[in-house]
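Under this note's numbering, the first residue of the sequence shown is numbered 57, with each subsequent residue one higher.
Ideal Cβ positions, reconstructed from N, Cα and C, are used throughout, including at glycine.
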Amino acid sequence: MTDFSVLDLVPVREGGSVGDALAAATALARTAQDAGCKRFWVAEHHAMKGIAGGATSVVLAHIGNATSTIRIGSGGIMLPNHSPFQIAEQFGTLDALFPGRIDLGLGRAPGAGPELQRALRKDLHRAAEMFPQDVAELIALMAGETAVQPTPGVGAKPQFWMLGSSLFGAQLAAKLGLPYAFASHFAPDHLDTALELYRRDFQPSEACERPHVMVAMNLFVADTEDEAEYLATSQLQAFVALRTGTPGKLPPPVRGYRASLPPQAQAMLAHIGQASATGTPQQAAEAVRAFIARTGADEVLFGGSMYDPEARCRSLRLAMEALAA
């Protein structure tokens, strides 16, 4: 049986505030819990005025207090931005607050320019090269196998995940025996090859006896296909803005947006759309099931920001009802 979960960037919309974004994330997490989703993940991004999940562990503490049963976690923590010791303390605290509910998804790509590197006081290129060693150190810190032991942190048991959009993460997840989540919702190019490599080279561990795959999809569901396409245009605009170097707050939806774009931008969105489920509940469910058949995924992680927070909550409810039918 496939499990379904939610990824939230905690988007800050045009005309809205960070407080509004956090309130919307809380409502979405409660909706996900009520709809039967397994996990609610928050992604770490920095210095982007349209994304409010930068202090990921703080956001997760708030989400944890607003929910009761759904697993919460990072999708992911970009470990090159931090020291393993700091993350051990943060997620050790979360594990103490919400035992048995914490996921710690780790990624290698910090995605930071020179200004942010200076702000973080990090040589991120070198830190990215140290990623495998830092993952091993983080696991050892929580296992109490280091000379300096974090408190909180020692004895904490979050579920570790390796995130990726290339073959590197698949190789490391296989070597360490960790579950693997692929960012197919924005980088689908290496999806099939990465999953094949991960499953082929997987080494069982105490944490994970067999390969376990999660794939990410963008989800936009409404009563009609036209309305779903309309709601999706906020995310499409944000993606185009990011790729053209002009990221900002999440814009309102625009009818006919795809058709207004030049062919190159339309092709880019069509390529990303191979990991999307957009349309009526039945259409979305068919797209999700087809993607599961293609990937053999054990879990699907639904992303996809909408300008209207209630519309996104309703989209998720409609999709989960259709998938359960």
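Collapsed DSSP secondary structure at residue i in the structure displayed
i, result
"Arg256", "helix"
"Glu100", "coil"
"Arg345", "helix"
"Ser316", "helix"
"Ala278", "coil"
"Asp159", "strand"
"Phe238", "strand"
"Pro67", "strand"
"Ala91", "helix"
"Ala263", "coil"
"Ala381", "coil"
"Val269", "strand"
Given residue i as reference, the closest of the options once Cα atoms are compared
i, options, result
"Pro365", "Thr351, Leu298 and Leu287", "Leu287"
"His268", "Ala229, Ala278 and Gln173", "Ala229"
"Gly312", "Glu283, Gln320 and His327", "Glu283"
"Gly110", "Asp248, Ala375, Pro67 and Pro319", "Pro67"
"Phe216", "Ala226, Gly233, Gly359 and Phe224", "Gly233"
"Lys305", "Ser316, Ala103, Asn137 and Thr112", "Ala103"
"Leu180", "Val114, Glu70, Ala341 and Gly163", "Gly163"
"Leu194", "Pro309, Asn274, Leu160 and Phe154", "Leu160"
"Met57", "Ser361, Val356, Tyr363 and Gly360", "Val356"
"Ala315", "Leu150, Leu292 and Phe187", "Leu292"
"Tyr236", "Gly75, Ala144 and Arg266", "Arg266"
"Ala77", "His118, Thr302, Arg256 and Ser222", "His118"
"Ile107", "Ala380, Glu70 and Cys93", "Glu70"
"Leu325", "Leu84, Ala294 and Asp190", "Ala294"
"Gln142", "Leu197, Glu100, Leu379 and Lys94", "Leu197"
First and last residue of the uninterrupted beta strand (DSSP E) at residue i
i, result
"Ala333", "Ser332 to Gly335"
"Met134", "Arg127 to Met134"
"Asp59", "Asp59 to Asp64"
"Val356", "Glu355 to Gly359"
Contact test: residue i Cβ vs the ligand NAD heavy atom, cutoff 8 Å
i, result
"Pro307", "Because no ligand of any kind appears in the structure shown, any question about the ligand NAD cannot be addressed here."
Start and end residues, alpha helix (DSSP H) containing residue i
i, result
"Ile143", "Pro140 to Leu153"
"His118", "Thr112 to Ala122"
Enumerated in chain order, which unbroken segments of the beta strand (DSSP E) with a length of 3 residues or greater are wholly contained in the stretch 161 to 235?
Positions of the beta strand (DSSP E) runs, each at least 3 residues long and wholly inside the stretch 161 to 235, are given as 215 to 220 in order along the chain.
Count Cβ pairs between the stretch 237 to 255 and the stretch 367 to 379 that sit closer than 8 Å; are there 3 or more?
Because the criterion of three Cβ pairs below 8 Å is not met, the stretch 237 to 255 and the stretch 367 to 379 do not touch.
Would you be able to state if there are at least three C-beta pairs under 8 Å between the stretch 320 to 339 and the stretch 274 to 282?
They touch, by the three-pair rule.
Does the stretch 81 to 89 come close enough to the stretch 113 to 123 that 3 or more CB-CB pairs lie under 8 Å?
Taking a cut-off of 8 Å on C-beta distances, the stretch 113 to 123 touches the stretch 81 to 89, as three or more cross pairs fall below it.
Answer yes if the stretch 111 to 118 comes into contact with the stretch 139 to 159, meaning at least three C-beta pairs across the two stretches below 8 Å, and no otherwise.
Yes, since at least three Cβ pairs between the stretch 139 to 159 and the stretch 111 to 118 fall closer than 8 Å, the two stretches touch.
Using a Cβ distance threshold of 8 Å, determine whether the stretch 150 to 158 contacts the stretch 200 to 216, with at least three qualifying pairs required.
Taking a cut-off of 8 Å for Cβ pairs, the stretch 150 to 158 and the stretch 200 to 216 touch, as three or more such pairs fall below it.
The stretch 168 to 177 contacting the stretch 194 to 206, beta-carbon criterion three pairs below 8 Å:
Inter-segment contact for the stretch 168 to 177 and the stretch 194 to 206 is absent: fewer than three beta-carbon pairs are separated by less than 8 Å.
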